[in-house]
Amino acid sequence: MSPERPVVSFIVPALNEELNLPPLFERLLALGQRLSWPSEICVVDDCSRDATLRVAQEWQARHPQIRPIHKPLPHGLGRGIRTALQHVQGKVGMVVMADGVDPLEEAVPQFCRLVLDEGCQLVLLSRYLDPADSQTIPLSYKVHHLLFRFCTAFLLGIPFRDTTYAFRAFDIPFIRSLNLHSNGFEISPEITFKTHFSGGKIGQVAGRQTRRVHGKSNFLFSRAARGYSRILAEGIYLRVTRNQKSRVAGHSQG
Numbered sequence: 152m153s154p155e156r157p158v159v160s161f162i163v164p165a166l167n168e169e170l171n172l173p174p175l176f177e178r179l180l181a182l183g184q185r186l187s188w189p190s191e192i193c194v195v196d197d198c199s200r201d202a203t204l205r206v207a208q209e210w211q212a213r214h215p216q217i218r219p220i221h222k223p224l225p226h227g228l229g230r231g232i233r234t235a236l237q238h239v240q241g242k243v244g245m246v247v248m249a250d251g252v253d254p255l256e257e258a259v260p261q262f263c264r265l266v267l268d269e270g271c272q273l274v275l276l277s278r279y280l281d282p283a284d285s286q287t288i289p290l291s292y293k294v295h296h297l298l299f300r301f302c303t304a305f306l307l308g309i310p311f312r313d314t315t316y317a318f319r320a321f322d323i324p325f326i327r328s329l330n331l332h333s334n335g336f337e338i339s340p341e342i343t344f345k346t347h348f349s350g351g352k353i354g355q356v357a358g359r360q361t362r363r364v365h366g367k368s369n370f371l372f373s374r375a376a377r378g379y380s381r382i383l384a385e386g387i388y389l390r391v392t393r394n395q396k397s398r399v400a401g402h403s404q405g
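Going left to right, the sequence shown walks through residues 152 to 405 as our numbering numbers them.
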């Protein structure tokens with residue numbers, strides 16, 4: 152008997168996360184048992200220097216719903232997510248950080264409800280809906296978030312306060328239609344901007360991240376700033392072209 156086709160696809164980009172993967176797998180497998188829908192765990196190894204890929208393969212031997220994928224160089228979160236989108240089989244995709252800092256147990260059931268029952272194409276985890284949830288964010292990150300949030304609100308008219316956080320859920324067929332191209336961390340706002348300007352329905356779930364136990368984050372704002380700036384410029388272009396199309400449609404109807 153063939154395994155049941157997954158409805159939920161957890162996408163786990165991983166770079167040098169061998170120690171963080173086992174506890175993350177335990178949490179995701181437990182969540183999979185709680186969900187009303189079958190799930191898969193797609194682990195994208197980003198050419199790790201440690202045993203990340205081997206650990207994922209060892210877990211796959213005991214849990215076939217874990218699917219390790221080795222992505223070739225160059226590195227990049229965006230490349231990893233785009234690679235996963237070529238392989239996942241579910242309806243609902245969820246990007247989960249391999250360091251285990253995401254509030255999975257609280258957010259995942261809400262993600263599923265908003266995508267499957269309420270028709271959202273994208274659901275963001277926001278650490279700023281409840282002021283208490285932002286307490287675990289480093290101060291330097293908060294400053295960068297504030298600046299980027301001002302730009303997205305002022306330049307793009309997008310009201311969401313946490314457009315850059317990678318932990319999110321989406322309708323996989325819809326996201327595939329957006330022709331994503333980002334290679335790094337800027338893929339998160341790219342998904343948000345393109346969903347917004349394509350007329351997609353976006354939901355939000357409040358939550359807070361915890362702190363990683365092993366290793367260090369691969370995110371450096373100085374390295375990601377260029378990608379964020381490029382996506383912001385692309386967002387301005389999307390807003391202008393959408394407004395032009397709306398005016399043309401209004402004239403034709405008049």
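Each residue gets a CB set at the ideal place from its N, CA and C atoms; glycine is no exception. All values derive from a computational prediction rather than experimental measurement.
- Contact between VAL259 and VAL266 is ruled out by a C-beta separation of about 11 Å, above the 8 Å threshold.
- For ALA357, the closest alpha carbon among the candidates SER349, VAL294, ALA376 and SER285 is that of SER285.
- C-alpha of ARG363 to C-alpha of HIS221: approximately 23 Å in a straight line.
- A direct Cα-to-Cα measurement between VAL239 and PHE325 gives close to 14 Å.
- Within the region 175-239, the alpha helix (DSSP H) runs of at least 4 residues that lie entirely inside it are, in chain order, 203-213 and 228-236.
- Straight-line measurement puts the Cα of HIS295 at about 17 Å from the Cα of ARG359.
- VAL194 is classed as buried because its beta carbon has at least 16 other beta carbons within 10 Å across all chains shown.
- Counting along the chain, no beta strand (DSSP E) covers PRO324; the unbroken alpha helix (DSSP H) around it starts and ends at 323-327.
- Annotation: LEU290 is outside any beta strand (DSSP E); the continuous alpha helix (DSSP H) that includes it extends over 290-307.
- Annotation: the continuous beta strand (DSSP E) that includes PRO164 extends over 159-165.
- If you ignore the 5 residues before and after LEU224, its C-beta comes within less than 7 Å of the C-beta of CYS198, all in its own chain and listed in chain order.
- Excluding residues up to 5 positions away in sequence, THR315 and TYR379 lie with their Cβ nearer than 7 Å to the Cβ of PHE299 in the same chain.
- In the three-state scheme derived from DSSP, where H, G and I count as helix and E and B as strand, LEU331 is classed as coil.
- For ALA258, the three-state secondary structure derived from DSSP is helix.
- Residue environment analysis places THR303 among the buried positions, since at least 16 neighbouring C-beta atoms fall within 10 angstroms of its C-beta.
- In this model, GLU209 and ALA202 are separated by some 10 Å (Cα to Cα).
- The way I'd put it, the region 306-322 doesn't touch the region 212-221; fewer than three beta-carbon pairs between them come closer than 8 Å.
- In this structure, ILE387 sits near LEU306, with a CB-CB distance shorter than 8 Å.
- Judged by beta-carbon spacing, LEU204 lies within the 8 Å limit of PRO219, meaning their Cβ atoms are closer than that value.
- One Cα belongs to GLN261, the other to LYS345, and the distance between them is close to 22 Å.
- Residue state for ALA320 is assigned as strand, using DSSP reduced to three classes.
- One Cα belongs to LYS367, the other to PHE301, and the distance between them is close to 28 Å.
- DSSP lists LEU275 as the beta-bridge partner residues of GLN355.
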